[in-house]
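The structure appears right after this line, and notes come after that.
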Amino acid sequence: MLSIDNVSKSFMGVRALRGVSFVGAADEILGLIGPNGAGKSTLVNAISGVLKPDSGSIRLGDVDLTGRGPEFAARQGVGRTFQNLRLFPSLTVRQNVEVGLITCRRHRPEVARSIDIDALLDRFGLAADAGRPAGTLPYGQQRRLELARAEALGAKLLLLDEPAAGMNDYETAALADQLRAIRRRSRCALLVIDHDLHFIMSVCDRICVLDMGEVVAIGTPELIRANPKVAEIYLGAAEAAPHQKNIREERQWN
Amino acid sequence: MSVTTQTRSAQKTLAPWMRSLVGGLVTALPVILIGIVILLFAPAYLVRVAFAAYVNLLIVLGLQIFMGNSMVANLGQGAFVGIGAYSVAILATPVAMKKLSIPDAPFGLADIVLHPALAAGAGLGITGLIAALTGLVIARLSGEAATIVTFSLMMVVHSIFIQWTDLFKGAQAFFGIPQVVGLATAIGAATLATIIARLFKDSASGLHLRASAESLLAARAFGVDVFRLRLLAWILGAVICASGGILYAFFMGTINARAFHFELVMTTLAMLILGGMRTVSGAVFGCIALALLLEAIRSVESGIAVAGFQLPPLLGLSGLAMGAIIVLGMTFRPRGIFVRLELDELLWRLFARRQPRAITEGKPI
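From first to last, the protein sequence lines stand for chains A and B.
With my numbering applied, the first sequence closes on residue 254, and no number is skipped along the way.
With my numbering applied, the second sequence closes on residue 619, and no number is skipped along the way.
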């Protein structure tokens, strides 16, 4: 279970996160949305240990991850993908996945025993390219490889920073299926950031909305869809006439 | 099942470490064969030249282990070669000789002598210890900072060799070291170092270290302990460089601090760049290619007769050639001859590609 408690982070006086608190269930797909600059990536970086929060705590189950660094988070089972792809381009597809698996073997061998690298590559449609350098794959496959690498870590929590970026509708639908399948197989929690609201609404059990570094709303997709604050953040029209509300929602969700 | 799949299966039937061992042996095969030919047929002069080349190969392999896997530049290898060489010189030289060369050596070192094997072990241990201490700083650095610090390390160690005359004889030659090794030992050591370098590269630690060279942030986010692995590679590389120095001292019988300075650093670096620093095969073949080329140039350098016409000596030609090789190599083939795949991997691919053609042609496989 992921527990974020009153986490704040500033960069040279700019407050990127302001007392963010929420709790995620152990096998939940939780969406994290918000306009640009809302603090989504900062929060993901804080959870994965890349950034140290100024205050507050981040726990995964009984383990305190706060400020312990990315290596520690990874060893505890926090896997992640990056907003801008960060594969190991000269290493082969298989070796990329092995990097995650090696860490899992060393620190959680009981989990690693259940991970079959060939089956994993097969599931992500990468088996035929296993010996190819990762940097030579097409973009869509590179995105899939990032996911496969994160799953090979035997993650308890997967942080996905804009996994649908640059994908077409067909690829996004396939990605949604893949995320559900990962949750089913690994029984892990997923925290998904994305700007594609259709994708987020369709795949997430709950959604957390951030704005200006604060949690504005958290709840099921239906609740979030009906939340006027959320519509306001996205459309910036708080005083819009009631008859315009439906138009706003149409534009936003359809 | 296609033959390509069969080939892959054949590769997979071997345990990963066994595949690396076989790969290391395949890479070392030219090293062994060339050595045997020289041992059997070459004159004494060529044996001496070949020995120097094998020492260089050990140093290049030591460089490859750290630099090739971490992609952090290292110009400090000369320091560890020197430490290895001087350790055995001080510890294994007979007392009678030391009374002449370093009578005022501190810590009673002028009065003790160790068996060459023990001295070699001590030399490797001392190098490992110094590498561990310096590695605590270097393993935290990247880019220009690492390059400057490794270069400074070589300068500091060289200054100590030159200035601490009571122990290292300063700029004078340290003589009287027992000459207890021959080319066969160097061939064995180079083969072993090639296998060690390959096993390390293909190990879980090697893969993690290579991943950190590609994306430091992603590697850390996947649990890679970059500091520990760089330190490990630094120590292992230093010890292999030192083994080159130890063999050099035990073969030559005389050493001088100048032998472990700029020229050695540039030569071995050029060998690694030429061959391709990311692969062990690159280290081996870069060393072979440059050793042959430099020897050919040296023969021209001293003045040769072409069609009855005597060319004058062209002193400094080898240095010029080395600079040209580095510049041309970095310009036209910056990643070297063996860019990503090792020799055995290239051979496997060639084999796998040819097999399906054999089926279509109806040839037995």
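Just so you know, even glycine gets a beta-carbon here, dropped at the ideal spot from N, CA and C.
Chain-order list of residues whose beta-carbon lies under 7 Å from that of residue 301 of chain B (same chain, five-residue window excluded) | Locating residue 301 of chain B in the second sequence gives position 47, counting from the first residue. Closer than 7 Å at the Cβ level, and outside the excluded window around residue 301 of chain B, lie 292 and 437.
With 7 Å set as the bound, which would you pick, yes or no: does the beta-carbon of residue 182 of chain A sit closer than that to a beta-carbon of chain B?
-> If you number the first sequence from 1, residue 182 of chain A lands on position 182. So no, residue 182 of chain A is outside the interface.
Quick one: Cα of residue 34 of chain A to Cα of residue 141 of chain A, how far?
-> Position 34 of the first sequence, counting from 1, holds the residue named residue 34 of chain A. Position 141 of the first sequence, counting from 1, holds the residue named residue 141 of chain A. Each residue's Cα considered, the two are about 27 Å apart.
Status (buried if at least 16 other CB within 10 Å, exposed otherwise) for residue 16 of chain A = On the first sequence, residue 16 of chain A is found 16 positions in, with the first residue counted as 1. Residue 16 of chain A is buried by the Cβ-count criterion.
The segment 456-469 of chain B: which residues have C-beta closer than 8 Å to a C-beta of chain A, in chain order?
-> Correct list: 458, 461, 462, 464, 465, 468 and 469.
Mind reading off the beta-carbon distance from residue 425 of chain B to residue 511 of chain B? Whole number of angstroms is fine, and I expect it under 8 Å.
-> Indexing the second sequence from 1 puts residue 425 of chain B at position 171. Indexing the second sequence from 1 puts residue 511 of chain B at position 257. With 8 Å as the limit, residue 425 of chain B and residue 511 of chain B qualify as a contact, their Cβ atoms being about 7 Å apart.
Where does residue 387 of chain B land, buried or exposed, given buried means 16+ other C-beta within 10 angstroms?
-> By one-based count along the second sequence, residue 387 of chain B stands at place 133. Burial is judged here by how many other beta carbons sit within 10 angstroms of a residue's own beta carbon; residue 387 of chain B has fewer than 16 and is exposed.
Spatially closest choice to residue 467 of chain B from B/494, B/532, B/453 and B/451, by CA coordinates | Walking along the second sequence from the start, residue 467 of chain B turns up at place 213. Ranking the options by Cα distance to residue 467 of chain B, first place goes to B/532.
Drop a sphere of 10 angstroms on the beta-carbon of residue 170 of chain A, count the other beta-carbons inside from all chains shown, and report buried for 16 or more, exposed for fewer.
-> Counting from one through the first sequence, the residue named residue 170 of chain A turns up at place 170. Taking a 10 Å sphere around the C-beta of residue 170 of chain A, we find fewer than 16 other C-beta atoms and assign the residue as exposed.
Excluding sequence positions up to five away, which residues of its chain have a Cβ less than 7 Å from the Cβ of residue 456 of chain B?
-> Walking along the second sequence from the start, residue 456 of chain B turns up at place 202. So the list reads 270 and 274, once near-sequence residues are dropped.
Determine, using beta carbons only, whether residue 114 of chain A comes closer than 7 Å to chain B.
-> Here the question's residue 114 of chain A lines up with position 114 in the first sequence. At a cut-off of 7 Å, the C-beta of residue 114 of chain A has no neighbouring C-beta in chain B.
Chain-ordered residues of the segment 473-486 of chain B with a beta carbon less than 9 Å from chain A = Within the segment 473-486 of chain B, the residues whose Cβ lies closer than 9 Å to some Cβ of chain A are 473, 474, 475, 476, 477, 478, 479 and 480, listed in chain order.
In the DSSP assignment, find the unbroken beta strand (DSSP E) run with residue 214 of chain A in it and report its ends.
-> Counted from its first residue, the first sequence places residue 214 of chain A at position 214. The continuous beta strand (DSSP E) containing residue 214 of chain A extends over residues 214-219.
Counterpart residues of residue 9 of chain A in DSSP-defined beta bridges = If you number the first sequence from 1, residue 9 of chain A lands on position 9. For residue 9 of chain A, which the question treats as bridged, DSSP gives the partners A/17.
Using 8 Å as the threshold, is the segment 515-525 of chain B in touch with the segment 347-361 of chain B, meaning 3 or more CB pairs across them?
-> Judged by pairs of C-beta atoms under 8 Å, the segment 515-525 of chain B does not touch the segment 347-361 of chain B, as fewer than three such pairs exist.
Report yes or no: is there a C-beta of chain B within less than 7 Å of the C-beta of residue 71 of chain A?
-> Taking the first residue of the first sequence as 1, we reach residue 71 of chain A at position 71. With 7 Å as the cut-off, residue 71 of chain A counts as an interface residue toward chain B.
Which residues mark the beginning and the end of the alpha helix (DSSP H) in which residue 495 of chain B is found?
-> Taking the first residue of the second sequence as 1, we reach residue 495 of chain B at position 241. Note, residue 495 of chain B: alpha helix (DSSP H), 480-506.
Do we get a CB-CB distance below 7 Å when we pair residue 75 of chain A with the residues of chain B?
-> Looking up residue 75 of chain A in the first sequence gives position 75. By this cut-off, residue 75 of chain A is an interface position.
Quick one: does residue 80 of chain A have its CB under 7 Å from some CB of chain B?
-> Counted from its first residue, the first sequence places residue 80 of chain A at position 80. Answer yes: the Cβ-Cβ gap between residue 80 of chain A and chain B drops below 7 Å somewhere.
Return the chain-ordered list of same chain residues with a C-beta closer than 6 Å to the C-beta of residue 218 of chain A, the five sequence neighbours on each side being excluded.
-> Mapped onto the first sequence, residue 218 of chain A falls at position 218. The answer, listed in chain order, is 22 and 208.
Applying a beta-carbon distance threshold of less than 8 Å, which residues of chain B neighbour residue 99 of chain A?
-> Taking the first sequence and counting its residues from 1, the one referred to as residue 99 of chain A is at position 99. Those are 461, 462, 465, 473, 476 and 478, listed as they occur along chain B.
Ends of the beta strand (DSSP E) at residue 206 of chain A?
-> Taking the first sequence and counting its residues from 1, one reaches residue 206 of chain A at position 206. Here the beta strand (DSSP E) through residue 206 of chain A covers 206-211.
Within-7 Å CB hit, residue 86 of chain A to chain B | Position 86 of the first sequence, counted from the first residue, corresponds to residue 86 of chain A. Yes, its Cβ sits closer than 7 Å to a Cβ of chain B.
What does residue 594 of chain B touch in chain A if you count any residue whose Cβ is under 8 Å from its own?
-> Residue numbering aside, residue 594 of chain B sits at position 340 when the second sequence is read from its first letter. Going along chain A in sequence order, the residues near residue 594 of chain B (Cβ under 8 Å) are 90 and 133.
Residues that DSSP places opposite residue 22 of chain A in a beta bridge | Along the first sequence, one-based indexing puts residue 22 of chain A at 22. According to DSSP, which records beta bridges pairwise, residue 22 of chain A is partnered with A/4.
Count the other C-beta atoms from every protein chain shown that fall within 10 angstroms of the C-beta of residue 196 of chain A, then say buried if there are 16 or more, exposed otherwise.
-> Start at 1 with the first residue of the first sequence, and residue 196 of chain A comes out as number 196. Label assigned to residue 196 of chain A: buried.
Taking Cβ-Cβ distances shorter than 8 Å, what residues in chain B pair up with residue 142 of chain A?
-> Taking the first residue of the first sequence as 1, we reach residue 142 of chain A at position 142. Going along chain B, no residue has its Cβ under 8 Å from residue 142 of chain A, so there is no contact; the nearest lies around 12 Å.
Tell me, please, whether the CB atom of residue 83 of chain A is closer than 7 Å to any CB atom in chain B?
-> As a working note, residue 83 of chain A is residue 83 in the first sequence. For residue 83 of chain A, the answer is no, since every Cβ of chain B falls outside 7 Å of its Cβ.
Contacting residues, own chain, Cβ-Cβ under 7 Å from residue 42 of chain A (five flanking each side not counted) | Taking the first residue of the first sequence as 1, we reach residue 42 of chain A at position 42. For residue 42 of chain A, where only same-chain residues beyond five positions count, the Cβ hits under 7 Å are 9, 16, 17 and 51.
By how many angstroms is the C-alpha of residue 3 of chain A removed from the C-alpha of residue 395 of chain B?
-> What you label residue 395 of chain B is simply residue 141 of the second sequence in a count that begins at 1. What you label residue 3 of chain A is simply residue 3 of the first sequence in a count that begins at 1. When only Cα atoms are considered, residue 395 of chain B and residue 3 of chain A end up about 35 Å apart.
Between the segment 128-136 of chain A and the segment 182-194 of chain A, do three or more beta carbon pairs fall short of 8 Å?
-> A contact is defined here as three or more CB-CB pairs under 8 Å, and the segment 128-136 of chain A fails this definition with respect to the segment 182-194 of chain A.
What is the residue span of the alpha helix (DSSP H) that residue 41 of chain A lies within?
-> In the first sequence, residue 41 of chain A corresponds to position 41, counting from 1. For residue 41 of chain A, the enclosing alpha helix (DSSP H) stretches over residues 40-47.
Through-space distance from residue 463 of chain B to residue 145 of chain A, alpha-carbon basis = The residue labelled residue 145 of chain A in the question sits at position 145 within the first sequence. The residue labelled residue 463 of chain B in the question sits at position 209 within the second sequence. Cα to Cα, the separation comes out at about 20 Å.
Residue 74 of chain A to residue 158 of chain A, Cα distance in whole Å?
-> The residue given as residue 74 of chain A occupies position 74 in the first sequence. The residue given as residue 158 of chain A occupies position 158 in the first sequence. So the alpha carbons of these two residues sit roughly 10 Å apart.
Cβ of residue 178 of chain A within 7 Å of any chain B Cβ | Your numbering for residue 178 of chain A matches position 178 in the first sequence. So, not an interface residue.
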